[in-house]
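Trainee: Got a structure here, written out as structure tokens. Questions coming.
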Amino acid sequence: MVPTHARERKDSFPKPHSTETPTMTAPELDDRIETKMRSAGVPTPTITAFLNALHKVASGERGMLPESVVEPVSSLPRLDSLEGGGQGGIALLKQLAIIKLNGGLGTGMGLDRTKSLIAVKGQDTFLDFVARQVLHLRGASGCREPAFYLMNSFVTRRETLDYIRKYPDLWDENTIDFLQNRVPRINAKTFEPLSWPAQPELEWCPPGHGDFYPALLGSGLLDGLLRRGVKFLFISNSDNLGATIDLKLLRYFAQSGLSFLMEVAERTASDRKGGHLASRRTSGRLLLRESAQCPKADEGHFQNIERHRFFNTNNLWIRLDHLKVELDRHGGALPLPLITNTKTADPRDPKTPEVLQLESAMGAAIECFEHTGAIVVPRARFSPVKNSADLLALRSDAYRVTEDFRLVLDESRRGQPPVVELDPVHYKVFADFEQCFARGAPSLVACEALKISGKVGFEGGVVCQGKVEFCNPLPEPKMVGAGLYRDSSVRL
1098 MVPTHARERK
1108 DSFPKPHSTE
1118 TPTMTAPELD
1128 DRIETKMRSA
1138 GVPTPTITAF
1148 LNALHKVASG
1158 ERGMLPESVV
1168 EPVSSLPRLD
1178 SLEGGGQGGI
1188 ALLKQLAIIK
1198 LNGGLGTGMG
1208 LDRTKSLIAV
1218 KGQDTFLDFV
1228 ARQVLHLRGA
1238 SGCREPAFYL
1248 MNSFVTRRET
1258 LDYIRKYPDL
1268 WDENTIDFLQ
1278 NRVPRINAKT
1288 FEPLSWPAQP
1298 ELEWCPPGHG
1308 DFYPALLGSG
1318 LLDGLLRRGV
1328 KFLFISNSDN
1338 LGATIDLKLL
1348 RYFAQSGLSF
1358 LMEVAERTAS
1368 DRKGGHLASR
1378 RTSGRLLLRE
1388 SAQCPKADEG
1398 HFQNIERHRF
1408 FNTNNLWIRL
1418 DHLKVELDRH
1428 GGALPLPLIT
1438 NTKTADPRDP
1448 KTPEVLQLES
1458 AMGAAIECFE
1468 HTGAIVVPRA
1478 RFSPVKNSAD
1488 LLALRSDAYR
1498 VTEDFRLVLD
1508 ESRRGQPPVV
1518 ELDPVHYKVF
1528 ADFEQCFARG
1538 APSLVACEAL
1548 KISGKVGFEG
1558 GVVCQGKVEF
1568 CNPLPEPKMV
1578 GAGLYRDSSV
1588 RL
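For what it's worth, the numbering used here labels the leading residue of the sequence shown as 1098, then goes sequentially.
Written out as structure tokens, the structure is:
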């Protein structure tokens, strides 16, 4: 059973969505939920974190952060202003571990497979680039460091491990990955774990990236890394190929004495609806505020990019020994702010019962440590692929591959990626996207913006410069022929 010192037990759960009489007491519900999770192999730290979160929701907490409790962050150190190069960074690689978050599917592109296995350049996938970056670093250090791991999910693990076998210097089924956990979906009226015999998989959901910490502890990897003398951890998303090891940044973190360092970038108009960095008025500690944590009345302040200037890139640096201390102090689960999502039991049927999905954000741990910081990094260190439009830009000649296997914008673009807009109807399914660009991506190295409306395919040798739009109003597909298209709107 989960130790009672790790969580507060209540006599009964209130019902924010119902006035029905409770069918179970809180201890009975705790035991039922814990039994369900333990039967599924969920480790104790994740069970503790989940029950703590559920108690908060039951008591009415929704993790909201109104503007009245936060202060804007006005100034931060910048990576491009740090003095010196990466001297001493090579030696620090032996004390570094790299973990890539690899639990997601390419659902945003209409693809039901592991996102990191989508081809980015030629036949090379995100995972190919990540593997080669790590092997390049190991070549620089002259040993098998830095340590490298993937945090997979139940839906990505087998496919990922089968693929990574092509890199025998990385491959080790027992040590290359650990699993993100899954947690029960909760009936919003009864607070009981959802029972859905017709589709048992609908009874579970991912707990968000905040599960990283109990998963790292519960897998035994945290203790194993500490025994090996690993002090520093760099975490990032597997689809963010800009998140590589910068030796100057590693040295800065090592010398800072900080427990937790977050890479942030400056918000632009396109980032206004996403989360931002702030500080808590009462404690002065840095915190993250996500859109789901902002009351509607404060949305104007939340979206003001001149007031709240920085967003989390999800590139995080952590002192492992300090993390271990905090996890032990909190019974194996950091007190992360809640993100509560209300869904239906069957996402395809709005008439099915309402359920709660409890999540937390990995970056929110910045408020859990005494000594934390943030550093402003160039936008090049944040280049995730959220949809097919992002992928088309990466596949084009606007991006090039460096000798150390980074994917970077061509110098001529001066840090500004092309703006690509694809028709959401005709490019939502990944197979349709692949068919339209089967002969290769158009040249976008000199393109400011590309907009495609309707079902449009491309021959090889298409060059777009300036602002270009292709429109096909007809139901049958049309092809764009080879040639130069400069500052033009083409109706096919």
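The beta carbon of each residue, even a glycine, is placed where N, CA and C say it ideally should be.
If we ignore side chains and look at the alpha-carbon of each, how far apart do PRO1119 and THR1287 end up?
Mentor: Counted from its first residue, the sequence shown places residue 1119 at position 22. Counted from its first residue, the sequence shown places residue 1287 at position 190. Low confidence applies here, because PRO1119 scores a pLDDT of 47, under 50, leaving its location unreliable; read the following figure in that light. Those two C-alpha atoms are separated by around 7 Å.
Trainee: Specify, as a first and last residue, the run of the alpha helix (DSSP H) that PHE1399 falls within.
Mentor: For the purposes of this step, residue 1399 is identified with residue 302 of the sequence shown, where counting begins at 1. Unbroken alpha helix (DSSP H) run through PHE1399: 1396-1399.
Trainee: Within the same chain, show all residues whose beta-carbon is closer than 7 Å to that of THR1499, passing over the 5 residues directly before and after it, in chain order.
Mentor: What you label residue 1499 is simply residue 402 of the sequence shown in a count that begins at 1. Within the same chain, THR1499 has close Cβ partners VAL1505.
Trainee: Give the straight-line distance between the Cα atoms of PHE1534 and ALA1471, rounded to the nearest whole angstrom.
Mentor: Residue mapping note: residue 1534 aligns to position 437 of the sequence shown, counting from 1. Residue mapping note: residue 1471 aligns to position 374 of the sequence shown, counting from 1. Rounded to the nearest angstrom, the two C-alpha atoms are 40 Å apart.
Trainee: Return the bridge partner residues of ASP1274 from the DSSP annotation.
Mentor: Within the sequence shown, residue 1274 is the residue found at index 177, counting from 1. Answer by DSSP bridge pairing, in chain order: LEU1247.
Trainee: Mapping the DSSP letters down to three states, classify MET1161 as helix, strand or coil.
Mentor: Translated into positions along the sequence shown, residue 1161 becomes position 64. It is coil, neither helix nor strand.
Trainee: Would you list the residues sitting across from VAL1482 in a DSSP beta bridge?
Mentor: As a working note, residue 1482 is residue 385 in the sequence shown. Partner(s): none; VAL1482 has no beta bridge.
Trainee: Please classify SER1316: does DSSP put it in a helix, a strand, or coil?
Mentor: Start at 1 with the first residue of the sequence shown, and residue 1316 comes out as number 219. Correct three-state label for SER1316: coil.
Trainee: Helix, strand or coil: which one does DSSP assign to TYR1582?
Mentor: What you label residue 1582 is simply residue 485 of the sequence shown in a count that begins at 1. Reduced to three states, the DSSP call for TYR1582 is strand.
Trainee: Let me know if VAL1587 comes out buried or exposed under the rule of 16 or more other beta-carbons within 10 Å of its beta-carbon.
Mentor: Reading the sequence shown from its first residue, position 490 is the one you call residue 1587. Label assigned to VAL1587: exposed.
Trainee: For ASN1438, tell me which candidate among LEU1453, GLY1428, ALA1430 and SER1388 has the shortest Cα-Cα distance.
Mentor: Here the question's residue 1438 lines up with position 341 in the sequence shown. Closest option to ASN1438, Cα to Cα, is LEU1453.
Trainee: Return helix, strand or coil for THR1145, following the three-state DSSP convention.
Mentor: For this step, residue 1145 is matched to residue 48 along the sequence shown. Of the three classes helix, strand and coil, the one that applies to THR1145 here is helix, per DSSP.
Trainee: For the beta strand (DSSP E) that contains GLN1390, what are its first and last residues?
Mentor: Numbered from 1 along the sequence shown, position 293 holds the residue referred to as residue 1390. From DSSP, GLN1390 is part of no beta strand (DSSP E); its letter is neither H nor E.
Trainee: Note down the Cα distance separating ASN1249 from GLY1580, rounded to an integer number of angstroms.
Mentor: Start at 1 with the first residue of the sequence shown, and residue 1249 comes out as number 152. Start at 1 with the first residue of the sequence shown, and residue 1580 comes out as number 483. So the alpha carbons of these two residues sit roughly 43 Å apart.
Trainee: Tell me whether ASP1225 is buried or exposed, calling it buried when 16 or more other Cβ atoms sit within 10 Å of its Cβ.
Mentor: Here residue 1225 corresponds to residue number 128 of the sequence shown, with the count starting at 1. Under this definition ASP1225 is a buried residue.
Trainee: Can you say whether PRO1539 is buried or exposed, counting buried as having 16 or more other CB atoms within 10 angstroms of its CB?
Mentor: By one-based count along the sequence shown, residue 1539 stands at place 442. Buried.
Trainee: Round the Cβ separation of SER1335 and LEU1151 to the nearest angstrom and send it over; I've been treating them as touching at under 8 Å.
Mentor: Locating residue 1335 in the sequence shown gives position 238, counting from the first residue. Locating residue 1151 in the sequence shown gives position 54, counting from the first residue. SER1335 to LEU1151, Cβ: 29 Å. No contact.
Trainee: How far does the alpha helix (DSSP H) with THR1132 in it reach, from first residue to last?
Mentor: Here residue 1132 refers to the residue found at position 35 when the sequence shown is read from its first residue. THR1132 -> alpha helix (DSSP H) spans 1123-1136.
Trainee: When the Cα atoms are used, what is the spatial distance from GLY1558 to VAL1577?
Mentor: Within the sequence shown, residue 1558 is the residue found at index 461, counting from 1. Within the sequence shown, residue 1577 is the residue found at index 480, counting from 1. Cα to Cα, GLY1558 sits roughly 10 Å from VAL1577.
Trainee: From what residue to what residue does the beta strand (DSSP E) around TYR1260 run?
Mentor: Along the sequence shown, one-based indexing puts residue 1260 at 163. Looking at the DSSP string, TYR1260 is not in any beta strand (DSSP E); the run it does join, the alpha helix (DSSP H), is 1254-1261.
Trainee: Which one of PRO1169, VAL1217 and ALA1137 has the shortest CA to CA distance from ARG1503?
Mentor: The residue given as residue 1503 occupies position 406 in the sequence shown. The shortest Cα separation from ARG1503 among PRO1169, VAL1217 and ALA1137 belongs to VAL1217.
Trainee: Which residue comes first and which comes last in the beta strand (DSSP E) that contains GLU1360?
Mentor: Locating residue 1360 in the sequence shown gives position 263, where the first residue counts as 1. Start and end: 1357-1363.
Trainee: CA-CA distance, GLY1317 and ALA1458?
Mentor: Position 220 of the sequence shown, counting from 1, holds the residue named residue 1317. Position 361 of the sequence shown, counting from 1, holds the residue named residue 1458. Each residue's Cα considered, the two are about 21 Å apart.
Trainee: One question on the structure: do ALA1490 and ASP1507 come within less than 8 Å of each other, judged by their Cβ atoms?
Mentor: As a first step, residue 1490 must be located in the sequence shown, where it is residue number 393. As a first step, residue 1507 must be located in the sequence shown, where it is residue number 410. Not in contact: ALA1490 and ASP1507 (Cβ atoms no closer than 8 Å).
Trainee: Assuming TYR1260 and LEU1214 make a contact with CB atoms under 8 Å, what is their CB distance in whole Å?
Mentor: Locating residue 1260 in the sequence shown gives position 163, where the first residue counts as 1. Locating residue 1214 in the sequence shown gives position 117, where the first residue counts as 1. With 8 Å as the limit, TYR1260 and LEU1214 qualify as a contact, their Cβ atoms being about 6 Å apart.
Trainee: Where does LYS1212 land, buried or exposed, given buried means 16+ other C-beta within 10 angstroms?
Mentor: Taking the first residue of the sequence shown as position 1, residue 1212 is located at position 115. Buried, by the Cβ-count rule.
Trainee: Taking PRO1304 and VAL1280 to be in contact with their CB atoms under 8 Å, please state how far apart those CB atoms are, rounded to whole angstroms.
Mentor: Within the sequence shown, the letter at position 207 stands for residue 1304. Within the sequence shown, the letter at position 183 stands for residue 1280. Yes, PRO1304 and VAL1280 are in contact; Cβ-Cβ is about 5 Å, under 8 Å.
Trainee: Pull up the DSSP beta-bridge partners for VAL1217, would you.
Mentor: Taking the first residue of the sequence shown as 1, we reach residue 1217 at position 120. Paired residues: none, contrary to the question.
Trainee: Could you tell me which whole beta strand (DSSP E) segments of length 3 or greater appear in the region 1414-1482?
Mentor: Whole beta strand (DSSP E) segments, 3+ residues: 1436-1441, 1451-1456 and 1469-1473.
Trainee: What is the DSSP secondary structure of PRO1297, reduced to helix, strand or coil?
Mentor: In the sequence shown, counting from the first residue as 1, residue 1297 sits at position 200. Note: PRO1297 maps to helix in three-state DSSP.
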